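J.: Let me give you the structure first, and then I'll get to my questions.
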Amino acid sequence: MIDPTPGNLLFPLGTSHADIVSKTHKALEKVRPTNLTDKDDVKAITQLKNGGLTIELIMKALSNWLRSPEGRTALMNELSIPANLREPTLGLVIQYLPTNLPIECQDFLDLVAKENQLNRKHFSTICWIKPPH
1269 MIDPTPGNLL FPLGTSHADI VSKTHKALEK VRPTNLTDKD DVKAITQLKN GGLTIELIMK
1329 ALSNWLRSPE GRTALMNELS IPANLREPTL GLVIQYLPTN LPIECQDFLD LVAKENQLNR
1389 KHFSTICWIK PPH
């Protein structure tokens, strides 16, 4: 996920989605390490309401490299945009969750992530929507 820095835009107003996708693809092609093939390409690019981008990649190798300090710096320099590359977080709502479950316990979050095949680091917090009575 690429978020614009406060008060800035990733791309000028009026830039078409096709142009944004094209520029992002070109930047990824330029910074991609030579040991990664074209299979390590973009599946989808979604423009967010805050002006940010979510980039879905086909292969995990490119994603892992972009998360590294070297990959992060290379992409941001190539795009020449005021932005932050960050991990997405998930908003998860579970209906009918018994109030006797220890949601404050880190082990509970680990269990929820494991049972739903989700990455634990994408959960930042957990809380009750309506406090138990």
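Take the sequence shown: its letter number 111 is residue 1379 in my numbering, and every next letter is one higher.
All C-beta atoms in this analysis are idealised placements derived from N, C-alpha and C, irrespective of residue type, glycine included.
Bear in mind that the values here come from a model prediction, so they are computed numbers and not experimental data.
Work out the CA separation of P1370 and S1290 for me, nearest whole Å.
T.: Counted from its first residue, the sequence shown places residue 1290 at position 22. Counted from its first residue, the sequence shown places residue 1370 at position 102. Their Cα atoms are separated by approximately 47 angstroms.
J.: According to DSSP, simplified to helix, strand and coil, what is T1314?
T.: To locate residue 1314, count along the sequence shown from 1; it is residue 46. The answer is strand: DSSP assigns T1314 an E or B state.
J.: DSSP state of E1355, grouped into three classes?
T.: As a first step, residue 1355 must be located in the sequence shown, where it is residue number 87. Looking at E1355 - three-state DSSP - the assignment turns out to be coil, as it is neither helix nor strand.
J.: Which first and last residues belong to the beta strand (DSSP E) in which P1272 is found?
T.: For this step, residue 1272 is matched to residue 4 along the sequence shown. Its beta strand (DSSP E) spans residues I1270 to P1272.
J.: Looking at the structure shown, is L1321 part of a helix, part of a strand, or coil, going by DSSP?
T.: By 1-based counting over the sequence shown, the position of residue 1321 is 53. In this structure, L1321 counts as strand in the three-state DSSP scheme.
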